[in-house]
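Below is one structure, written out as structure tokens, with a few remarks after it.
In the numbering used here, the protein residues as written are 4 to 89.
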């Protein structure tokens, strides 16, 4: 597969944006581990929700859901909706 010039431009822009976000985040991050891991306990609710949803797209989630369904039928798969209200 040979990439065209536009492909290389898009890839380059992507990496510049990712590096820019990393540089910005390193400048705004605090000095303590609590600040790093907990965001200074000052994160909006919607960002925490997006973070929780993003974590459910990991590689082990299909295995977990399969285990839930095998263990107690499809009913336990409704547990994901509980994350919405908890």
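Glycine is no exception: its CB is placed at the ideal position from the N, C-alpha and C atoms.
query: Roughly how many angstroms separate the alpha carbons of residue 5 and residue 15, rounded to a whole number?; result: 16 angstroms
query: Considering only their Cβ atoms, is the gap separating residue 43 from residue 33 smaller than 9 angstroms?; result: yes
query: Output the distance between the C-alpha atoms of residue 37 and residue 57, rounded to the nearest integer angstrom.; result: 21 angstroms
query: The alpha helix (DSSP H) with residue 50 in it runs from where to where?; result: 48-58
query: Return the first residue and the last residue of the alpha helix (DSSP H) that residue 28 is part of.; result: 8-31
query: Output yes or no for whether 9 angstroms exceeds the beta carbon distance between residue 55 and residue 86.; result: yes
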